DNA sequence: ATATGTTGATAGTAATACTATTAATTTTGA
DNA sequence: TCAAAATTAATAGTATTACTATCAACATAT
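Residue numbers (this note's numbering), protein chains in the order written: chain A, 8 to 230; chain B, 8 to 230.
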């Protein structure tokens, strides 16, 4: 029996000025920024609006995060850490490479549900944010310096984890890394398309879903 | 022998206030917005800066485009029209489905070079913009209304064209549309990763490239 | 010669993305 | 338990952005 609220991840310290998990206000910022970004979108989201929503002040939020971009990077790092955790958990004590691949791919491509072990973070909502906003976190002119600062490390770790299992299933396959990144980014995009560009997806049909598409696809590519 | 500057596409009229191809200033706006967005990024790009750069006035640019988002949609529509044109050209008079697939996938995933038939548009630069900025064009809260207005039609047409050829190669394959969208989006992403996140790509190696990765992958999936 | 359309220049507004300062409140720890 | 330290709230202020409005200058077309 696990207690809720006991799941925590270490986040790159350069992403925040003061640890938001260390205070009530900080946790409120995390919780409600997720809800608010989901509701009005990252572009319309401001610290002023967030302050009003949580009954706090704009300037107080600036003491936790330099700007909303850093906050998005923080939330993203948190998300990918959580995904990595689930991936590692899913392959614990599994020896068969192919089975490992299936489980890991499932974790990284499936529909996300709230994880009750985390009190102030709703993973289902956070997943929607990642789908709609994550690419904005790296599609910037600062990507190279921020990459050097390690802001995308967890994301790349998730992809590398998948790439290693791909290489384990078929050591001759020459594109394990590119294939892994295709799956991770592709899955996010498929979930987006499924909601907004229905004419270019097959997932409207009830018996088809993103996870099984990727599992079947990988089996064919690596056979 | 083709004359340069004779390649034109019809763009959704809701994307502009005054046809930029109809005047000197308009063509300057197209040419230099592409160069400027590539240089400083779409986020830092403003009509004021563009005005200064082309020796014109901010307010004059607003007479052509409502805002920079519409300009990005215009440039994107232009780009996808150009890609569609190349795809159709590449499969002219080809009967073999598999050969058609290879050629079409090549067109949609390869490195882009400037097309000299277009005077004021540098496709190589425009391609970089699409790689770095296109997803920002649809990752917005307005995506559904803008989709109804047909702002993403050409993009979806490119994907549908590929999906149809996939279905032609293997009529039993159940995910032709999702696979097609995976390839189109995936290729953009692979080009980005190749430049910025080298640790999760295999394309650093000289004998590997995005186009052949996708061609080989599709062959395996559809066999 | 006059009407029309295009562009340029200037001004102005509301919102954004912050920074700085000071006051009020809470926490802590000696 | 009282004082010091830390945290938060409130307010003000700045530069930039993303526009809109107005009017003058100029070219063109009839």
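Beta carbons: idealized from backbone N, C-alpha and C, even for Gly. Model, not experiment: these values are computed from the prediction.
Under 8 Å between beta-carbons, which chain A residues line up against residue i? List them in chain order, please.
i, result
"residue 167(B)", "206, 207"
"residue 189(B)", "189, 193, 196, 197"
"residue 146(B)", "139, 140, 142, 143, 199"
"residue 163(B)", "204, 206, 207"
If the cut is a Cβ gap below 9 Å, which residues of chain A does residue i touch?
i, result
"residue 82(B)", "The contacting residues do not exist; residue 82(B) stays about 16 Å from chain A at best."
"residue 154(B)", "203, 204"
Can you give me the Cβ contacts of residue i inside the same chain, cut-off strictly under 7 Å, excluding the 5 residues immediately before and after it?
i, result
"residue 78(B)", "40, 72"
"residue 98(A)", "107, 110, 111"
"residue 9(B)", "With a pLDDT of 45 at residue 9(B), under the threshold of 50, the predicted position of this residue should be treated as unreliable, and no value is reported."
"residue 145(B)", "159"
"residue 11(A)", "Reliability of the predicted coordinates at residue 11(A) is poor, the pLDDT of 49 falling under 50, and the value obtained from them is presented with this limitation in mind. Contacts found: 123, 124, 126."
"residue 117(A)", "218"
"residue 44(A)", "52, 136, 140"
"residue 42(A)", "132"
"residue 209(A)", "215"
"residue 229(B)", "173, 176, 177, 180"
Just confirm the distance between the C-beta atoms of residue i and residue j, as a whole number of angstroms; I'd bet it's less than 8 Å.
i, j, result
"residue 181(A)", "residue 215(B)", "7 Å"
"residue 195(B)", "residue 141(B)", "7 Å"
"residue 221(B)", "residue 190(B)", "6 Å"
"residue 14(B)", "residue 80(B)", "With a Cβ gap of about 20 Å, residue 14(B) and residue 80(B) do not count as contacting."
"residue 154(B)", "residue 203(A)", "6 Å"
"residue 32(A)", "residue 67(A)", "6 Å"
"residue 207(A)", "residue 187(B)", "7 Å"
"residue 25(A)", "residue 70(A)", "6 Å"
"residue 231(A)", "residue 16(A)", "Absent from the model: residue 231(A). The displayed extent of chain A is 8 to 230, so no value can be given."
"residue 50(A)", "residue 147(B)", "7 Å"
Measuring only between beta-carbons, confirm whether residue i sits less than 8 Å from chain A.
i, result
"residue 109(B)", "no"
"residue 228(B)", "yes"
"residue 224(B)", "yes"
"residue 159(B)", "yes"
Leaving aside the five residues before and after residue i along the sequence, list all residues of the same chain whose C-beta is less than 8 Å from its C-beta, in chain order.
i, result
"residue 47(B)", "56"
"residue 101(B)", "107, 110"
"residue 120(B)", "130, 131"
"residue 199(B)", "138, 139"
Determine, using beta carbons only, whether residue i comes closer than 8 Å to chain B.
i, result
"residue 105(A)", "no"
"residue 210(A)", "yes"
"residue 77(A)", "no"
"residue 8(A)", "Residue placement at residue 8(A) is flagged as unreliable, the pLDDT there being 42, under the threshold of 50; the coordinate-derived value follows with that caveat. For residue 8(A), the answer is no, since every Cβ of chain B falls outside 8 Å of its Cβ."
Determine the chain B residues that contact residue i at a beta-carbon separation under 8 Å, and present them in chain order.
i, result
"residue 150(A)", "203"
Once you ignore the five residues that flank residue i on each side, which residues in its own chain have a CB closer than 6 Å to its CB?
i, result
"residue 86(B)", "133, 137"
"residue 184(B)", "170"
"residue 83(B)", "141, 144"
"residue 93(A)", "114"
"residue 205(B)", "211"
"residue 61(B)", "35, 39"
"residue 224(B)", "none"
Is residue i a contact residue of the ligand SAH, with contact defined as CB to any heavy atom under 7 Å?
i, result
"residue 204(B)", "Of ligands this structure carries none, so the ligand SAH is not represented either."
For residue i, go through chain B and note every residue whose CB falls closer than 7 Å to its CB, in chain order.
i, result
"residue 220(A)", "182, 185"
Could you list which residues in chain B have their beta carbon closer than 9 Å to that of residue i, in chain order?
i, result
"residue 215(A)", "181, 182, 185"
**Message:** Tell me which residues of the stretch 46–60 of chain B have at least one Cβ-Cβ distance to chain A shorter than 8 Å, keeping chain order.
**Reply:** 47, 48, 50, 51
Margin query: So if I threshold CB-CB distances at 8 Å, which residues from the stretch 175–187 of chain A count as touching chain B?
Written below: 181, 182, 183, 184, 185, 186, 187
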